[in-house]
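Peer 1: The following block contains the structure, expressed as structure tokens.
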Amino acid sequence: MATTWFELLALAEQIRVGEENLRSAERTERIVNVRYQNGAASRTELLRQQTEVLNQRAGLVPVQLQYRQIQSALAVLVGESPLGFEVESSHGTLLAMELPEVDAGLPSDLITRRLDLAPEEARLQAADANVEQARTAFLPTVSLGLNAGLSNNNLLSLNNPVEAAGWTLSLAQSLFDGGRLDARRAISESQQLELLEQYRSAILTALQETGDALDRVQTSQQREALQTTVSESAARTLELTNYVTGKAVTNC
2 MATTWFELLA
12 LAEQIRVGEE
22 NLRSAERTER
32 IVNVRYQNGA
42 ASRTELLRQQ
52 TEVLNQRAGL
62 VPVQLQYRQI
72 QSALAVLVGE
82 SPLGFEVESS
92 HGTLLAMELP
102 EVDAGLPSDL
112 ITRRLDLAPE
122 EARLQAADAN
132 VEQARTAFLP
142 TVSLGLNAGL
152 SNNNLLSLNN
162 PVEAAGWTLS
172 LAQSLFDGGR
182 LDARRAISES
192 QQLELLEQYR
202 SAILTALQET
212 GDALDRVQTS
222 QQREALQTTV
232 SESAARTLEL
242 TNYVTGKAVT
252 NC
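Quick note, the sequence shown lines up with residues 2 to 253 if you use this note's numbering.
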């Protein structure tokens, strides 16, 4: 639901920018048309600008269609009928949202809040394993954050298949009810190892995805800063162009 919501906000922003570009192209077309009528612009210039206006209009159509489709998908997710369902503009825009900061130094055990780890821990608990001890054993002592990231050395140590076999077997013997299960309740050694390896694999995936996500956040922030500079420069260029073109039309 959250992913669909953010996708909808992103499409709404694309539509807003597209409509703004269309208005700018239409304004330029009117200016070029006046210049053409006064002999200051060629027929080719006018046709080129008219084509630009048509291209801008055509580019909006698929984005608007995608917006309506995502809006219908969101309606289904919240249990509403897609027919007549609309998201109010008062709910905010993508650019107006305040994103939470990811502070450097977040403990890596926050990864255990991930929903994909819950079933793995539930299986361990159902087999009378000590989940807290499993977390301590498998989670590396690293910090997560935009400035800290993940330690490759810790990840490599978790992935070492040579060291893992004997160590995991020893860990299984201590995790599963401290080795005190009687014969009627005891699960096989291979089942214990399988449960631990599944949990270990899930944590490795969580660490990888978390590290990748933090890297994407940092990269996106850098890209946003650059795009903001480009946008400000383009706005100044457009303002200057409109001023010069307006003076030219006045002189025609």
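Just so you know, even glycine gets a beta-carbon here, dropped at the ideal spot from N, CA and C. In this text the structure is predicted, and so the values were computed from the model without any measurement.
#1: Just curious, the alpha helix (DSSP H) that Ala115 is in, first and last residue?
#2: My parser needs the beta strand (DSSP E) runs of 3 or more residues fully inside the segment 36-87; what are they?
#3: Candidates Ala235, Ile204, Leu196: which alpha carbon is nearest Leu116's?
#4: Note the first and the last residue of the continuous alpha helix (DSSP H) segment covering Thr137.
#5: If you compare alpha carbons, which of Leu111, Thr242, Glu233, Ala11 is closest to Ala207?
#6: By DSSP, does Asp129 sit in helix, in strand, or in coil?
#7: With the cut-off set at 7 angstroms, would you say Gln57 and Leu23 are in Cβ contact?
#8: Cβ atoms of Glu30 and Val62: under 7 angstroms apart, would you say?
#9: If you check the beta carbons only, do Leu75 and Leu9 fall under 7 angstroms apart?
#10: With a threshold of 8 angstroms on Cβ separation, who are the neighbours of Gly19 within its own chain once the five nearest residues in sequence on each side are excluded?
#11: Pop quiz: Glu14 and Thr94 are said to be a contact at Cβ under 8 angstroms. What is the actual Cβ separation, rounded to whole angstroms?
#12: Quick check: what's the CA-CA separation for Met2 versus Asn34?
#13: So what's Ala11 in DSSP terms, helix, strand or just coil?
#14: Taking just the CA atoms, how far does Arg201 sit from Glu121?
#15: Residues in its own chain within less than 6 angstroms of Ala11 by CB, not counting five upstream and five downstream?
#16: Report the three-state DSSP secondary structure of Ala97 (helix, strand or coil).
#17: Closest to Thr238 by CA distance: which of Gln72, Phe86, Ser25 is it?
#18: Answer with buried or exposed for Tyr244, where buried requires no fewer than 16 other C-beta atoms within 10 angstroms of its C-beta.
Peer 2: In this structure, then:
#1: Position check: residue 115 holds Arg in this sequence, whereas Ala was assumed. Note, Arg115: premise wrong, no alpha helix (DSSP H); not H, not E.
#2: Scanning the segment 36-87 from its first residue to its last, no whole beta strand (DSSP E) run of 3-plus residues comes out.
#3: Selected option, being the one with the closest Cα: Ile204.
#4: Its alpha helix (DSSP H) spans residues 132-139.
#5: Ranking Leu111, Thr242, Glu233, Ala11 by CA distance to the CA of Ala207 puts Leu111 first.
#6: When DSSP states are grouped into helix, strand and coil, Asp129 belongs to the coil group.
#7: Going by beta carbons, Gln57 and Leu23 fall inside the 7 angstroms limit.
#8: No, these two residues do not count as a Cβ contact at 7 angstroms.
#9: For Leu75 and Leu9, yes; Cβs fall inside 7 angstroms.
#10: These residues qualify, in order along the chain: Gln57, Gly60, Leu61, Val64.
#11: That belief holds up - the Cβ atoms of Glu14 and Thr94 are roughly 6 angstroms apart, short of 8 angstroms.
#12: Going from the Cα of Met2 to the Cα of Asn34 covers about 47 angstroms.
#13: In the structure shown, Ala11 sits in a helix (DSSP, three-state: H, G or I).
#14: Distance from the CA atom of Glu121 to the CA atom of Arg201, rounded to whole angstroms, is 9 angstroms.
#15: For Ala11, where only same-chain residues beyond five positions count, the Cβ hits under 6 angstroms are Leu95.
#16: In the structure shown, the three-state DSSP call for Ala97 is coil.
#17: Here the closest residue by C-alpha is Ser25.
#18: With fewer than 16 Cβ atoms within 10 Å of its Cβ, Tyr244 is classed as exposed.
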